[in-house]
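Have a look at the structure below before the remarks.
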Amino acid sequence: LLLLGVIFFLYRLKDVGIYVTLFAVGHVITLLAGVLMEISVSAYLIDAIIGFSVAYKALDNMGAFQRWFGFQPNTKVATFGFGLIHGFGLATKLLDYQLQPDGLLVNLLSFNVGVEIGQVLALAVILIAMTYWRKSGNFMRHAYTANTVMMMLGFLLMGYQLVGYFTV
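What follows is the structure, encoded as structure tokens:
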């Protein structure tokens, strides 16, 4: 969902590549560091921040920060930062499996390659759908609504995870 928000208003493949790479690099860093250094963070808290990242990007797409605060945050830095958070999300879940140290690095790298392949495939589907949507003439008319739905889903995930964090 975050990748949809990130590429929502990107029209050039070069720009899509830059942002997806920033997200992936952040993702890889914390996935590997989190598991190899056994950095454990509450899955509820990380997933709440992931929900926030989706809402943040939707708000950014709607121009909220420019209207509310009079400036546009650096979207590249935000994308990289949210990639870091998403990587910790995966690392936290992997640590629950109490992985054995034998072959851990190779297994982690293989797992990460699989995750990245999955993201590229999902991104390809999203880009195809977005291209057709943009050509339909309805894109700009529904862009605000789509980002509002994305924002609501992000806040819903955040709230759901925070309830879990404070009650479990």
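Positions in the sequence shown are counted from 1; adding 6 to them yields the working numbering. Glycine included, C-beta positions come from ideal geometry on N, C-alpha and C.
- With a cutoff of 8 Å on beta-carbon distance, Lys63 and Leu28 are scored as not near each other.
- Leu163 is a Cβ neighbour of Asp53, given a cutoff of 8 Å.
- DSSP, read as helix, strand or coil, puts Arg140 in helix.
- Nearest neighbour of Leu65 by Cα position, chosen from Gly11, His33 and Ile55, turns out to be Gly11.
- A straight line joining the alpha-carbon of Ala39 with that of Gly143 spans about 45 Å.
- In the three-state scheme derived from DSSP, where H, G and I count as helix and E and B as strand, Ser48 is classed as coil.
- Short of 6 Å from the beta carbon of Leu100, and not among the five residues preceding or following it, lie these beta carbons of its own chain, in chain order: Val41.
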